[in-house]
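In my numbering, the protein residues as written are 4 to 359.
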């Protein structure tokens with residue numbers, strides 16, 4: 004009887020303690036947003052890895068705080084070009100923004116477009132810029148001015164050209180209409196190509212209808228849009244992988260969060276960065292295999308062909324840096340640091356963009 008009574012008492016105490024512990028848990032409602040749909044690799048990792056990882060880190064640390072996530076992706080809260088505004092105004096608490104869409108408000112982050120033909124390795128490309136975002140005061144200040152806190156960033160796979168006509172050399176671009184995002188249009192200067200500002204959302208139909216012949220894209224984005232069906236000639240030009248995606252937190256919301264929640268967000272963001280890099284490496288190989296199986300013809304430019312293209316261009320890094328320097332921004336410092344990070348990682352650059 005005494006044993007049974009003791010067990011009952013112990014169970015009662017444990018249950019009471021568990022109830023007290025549960026009562027002590029404080030839940031914070033946060034909205035995560037992205038303009039990309041859940042079918043994209045990085046969005047999938049954000050939803051299924053990053054968000055759950057925050058609570059795992061809190062539990063691991065013995066915190067009494069937890070996060071309940073409201074997920075708004077695929078443009079349900081804001082389209083990709085409008086995500087920065089959604090984050091700055093607090094429409095979302097944590098989100099995925101693309102600094103390539105923000106050459107005015109995030110000019111220094113766009114050093115990546117000013118120095119093409121860098122590394123085709125998404126890991127190297129990711130860390131070359133991420134290091135600067137963490138250490139350069141002017142880059143951090145740009146986020147703060149937008150009421151945002153930078154957590155992490157990552158790259159997608161290397162840019163290339165998809166075309167409805169064969170391309171064997173940069174000389175074949177002469178007179179060809181080629182679409183690209185606005186930040187990438189300068190990569191066509193000096194090639195004889197006719198640059199067309201375009202979006203990947205309409206590229207399939209635009210190439211099919213003859214609005215333009217080719218587009219600057221990436222392998223992962225191409226297979227997602229089935230671009231090889233209308234543009235079966237894929238030229239891996241070696242433009243380089245671009246760190247374009249950022250995970251940020253609205254600063255006003257960040258300041259109201261407990262320290263252990265902030266720490267969990269930061270640790271989970273580091274974990275996300277590694278997960279996305281690994282996913283991009285894996286999915287890029289699968290994308291090319293699928294497109295080749297679907298009839299695509301893939302051509303890799305030689306190092307000499309890359310150098311030929313790079314040296315045909317005007318110094319787009321100079322065009323990017325000088326107006327920013329005139330505004331008091333350390334663009335040359337950022338450019339040099341970015342190129343140094345690439346070189347330290349073993350990247351052989353076909354052109355030194357810092358030579359003005």
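Idealized CB from N, CA, C, for every residue including glycine. Keep in mind it's a predicted model, so treat the numbers as computed, not measured.
For the pair residue 215 and residue 238, the CB atoms are not nearer than the 8 Å cut-off.
Runs of the beta strand (DSSP E) lying entirely within the segment 166-237, each at least 3 residues long, are 180-183, 197-200 and 217-221 in chain order. DSSP, reduced to helix, strand and coil, places residue 280 within a helical segment of the structure shown.
Annotation: residue 71 to residue 138 spans about 31 Å, alpha carbon to alpha carbon.
Of the residues assessed, residue 58 falls on the buried side of the cut-off, its CB having 16 or more other CB atoms within 10 angstroms. Just so you know, the alpha carbons of residue 223 and residue 333 end up roughly 33 Å apart. Straight-line spacing of the CA atoms in residue 136 and residue 268 works out to 17 Å.
With contacts defined as CB atoms closer than 8 Å, residue 101 and residue 130 fail to qualify as a contacting pair. Here residue 356 carries a coil assignment [DSSP, helix/strand/coil]. The beta carbon of residue 149 lies closer than 6 Å to those of 91 in the same chain, with the five residues before and after it left out. Inter-residue distance for residue 192 and residue 307 is about 18 Å (C-alpha atoms, whole angstroms). Secondary structure note for residue 116: its alpha helix (DSSP H) is the uninterrupted segment 114-117. With a contact defined as Cβ atoms closer than 8 Å, residue 156 and residue 245 miss out at about 11 Å. Under the criterion of beta carbons closer than 8 Å, residue 270 and residue 60 qualify as touching, at roughly 5 Å. Under the criterion of beta carbons closer than 8 Å, residue 352 and residue 190 do not qualify as touching, at roughly 15 Å.
Residue state for residue 160 is assigned as coil, using DSSP reduced to three classes.
Pairing residue 282 with residue 44 gives a Cβ-Cβ distance under 8 Å. When DSSP assignments are scanned along the segment 300-354, the uninterrupted stretches of alpha helix (DSSP H) that are 4 or more residues long and fall wholly within it turn out to be 306-315, 319-329 and 334-347. In the structure shown, residue 127 falls within a helical segment according to DSSP collapsed to helix, strand and coil. If you draw a straight line from the Cα of residue 272 to the Cα of residue 114, it is about 23 Å long. Taking the C-beta atoms as reference points, residue 96 is found nearer than 8 Å to residue 256. Taken through DSSP and simplified to helix, strand or coil, residue 287 comes out as helix. At a Cβ-Cβ threshold of 8 Å, residue 166 and residue 123 do not count as neighbours. As DSSP reads the structure, residue 71 sits in a beta bridge with 32. Straight-line spacing of the CA atoms in residue 275 and residue 154 works out to 10 Å. For residue 231, same chain residues with a beta-carbon under 6 Å away, outside a window of 5 residues either side, are 294, 297 and 299 in chain order. In terms of Cβ geometry, residue 207 and residue 227 do not form a close pair [threshold 8 Å]. In the DSSP assignment, residue 57 falls outside any beta strand (DSSP E) and within the unbroken alpha helix (DSSP H) covering 54-63.
Taking the Cα positions, residue 219 is about 6 Å away from residue 182. Residue 356 and residue 117 do touch by the CB rule: their CB atoms are close to 7 Å apart, below 8 Å. Between the alpha carbons of residue 262 and residue 152 lies a gap of roughly 14 Å.
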